[in-house]
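Colleague:
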Amino acid sequence: MRPEHPVALITGASWGIGEATAKILAESGFYLLLGARTVEKVTALADELQSKHGIKAIGTALDVRDPESVNAFVELAKSEFGAVHVLVNNAGLAKGTACLEDATDDQWEQMISTNINGVLYMTRACIPLIKAAGWGHIFFLGSVAGHGVYKGGSVYCGTKYFVRAVSETLRFELLGEPIRVTSVDPGMVETQFSVVRLDSKEKADAVYRGMQPLVAEDIAECIRWAVDLPDHVNIDQIIIRPRDQAGFQKVQR
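Counting from 1 along the sequence shown, just add 96 to a position and that's the residue number in my numbering.
In structure tokens, the structure reads:
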């Protein structure tokens, strides 16, 4: 049964979808542990949400690529909240647009260590606590890039296909447990994601020029909707695109 104040852990919570999800769940009375490498931002966000909503929220340093950092993050949840109910695996990135033969080792390493290893470390660490809590939900922030490929996306698409596979596998592995699993797979969302990918604000702005993309709050609302459904209802997958985007790469401008 859902507790009065479920405890949610959100990775990559300093901006974009992670930040928006923290704000949405705070409105619903969730207690929050927010993690990011930019600790000043998540600390300020936690303080803001505590003051505004009267909840308990903590922001702390987290590098999902480092299993020791992940374990310390989860141990902090245990000591400060006594339980974990919801995990939002949000931390992730794309780097570069080069084809496979021209991409760099550093770009690959950043995507694989964050999008794959980070998801594995965090999910593995949280599952026992969510089981012990007796009610929970695990969210994976995937992408439509886990449903189709594009030129220059060999590694990024591969990581998102991986996330989709992990989410689907957990549905089997956690069957019979009071834990729901949902993969949220957005299309074009205007956040800092494209700035990180392209290393250019100007190039990132061009990605969305002439069309209306999704915003982070649209994705956060999907997460709140899924977690607020009756306990027996599991939304396995949410594919969400802006109206101006049909299929994988067809965009109306």
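Quick reminder that beta carbons are idealized off the backbone N, C-alpha and C, glycines included.
Is it true that the CB of A116 sits closer than 7 angstroms to the CB of A322?
Modeller: no
Colleague: Terminal residues of the continuous alpha helix (DSSP H) containing D281?
Modeller: Here D281 belongs to no alpha helix (DSSP H); instead the beta strand (DSSP E) covers I275 to P282.
Colleague: Quick check: what's the CA-CA separation for G214 versus V160?
Modeller: 4 angstroms
Colleague: What are the boundary residues of the beta strand (DSSP E) that includes T156?
Modeller: A153 to A157
Colleague: What residue from L172, D143 and T134 has the CA that sits closest to A157's CA?
Modeller: T134
Colleague: In three-state DSSP terms, what is N185?
Modeller: Here N185 sits in strand by DSSP.
Colleague: With distance defined between alpha-carbon atoms, name the residue in L172, C253, N167 and G150 nearest to C195.
Modeller: C253
Colleague: Please classify L271 as buried or exposed, where buried requires at least 16 other C-beta atoms within 10 Å of its C-beta.
Modeller: The Cβ neighbour count for L271, taken over all protein chains shown within 10 Å, is under 16; the residue is labelled exposed.
Colleague: Taking 8 angstroms as the limit between beta carbons, can you name the residues of its chain near R337, skipping five residues before and five after?
Modeller: V240, P282, G283, M284 and L310
Colleague: For the segment 109–135, which segments carrying the beta strand (DSSP E) assignment without a break, of at least 3 residues, lie completely within its bounds, in sequence order?
Modeller: 127–132
Colleague: Could you pull the DSSP bridge partners for K346 from this structure?
Modeller: A342
Colleague: State the Cα-Cα distance for the pair E274 and A199, rounded to the nearest angstrom.
Modeller: Just to set this straight, residue 274 is Pro in the shown sequence, not Glu. In a straight line, the C-alpha of P274 is about 42 angstroms away from that of A199.
Colleague: Looking only at C-alpha atoms, which of R276, I335 and I113 sits nearest to V329?
Modeller: Ranking R276, I335 and I113 by Cα distance to V329 puts R276 first.
Colleague: Would you mind working out which of H181, L225 and D340 sits nearest E100, comparing C-alpha positions?
Modeller: H181
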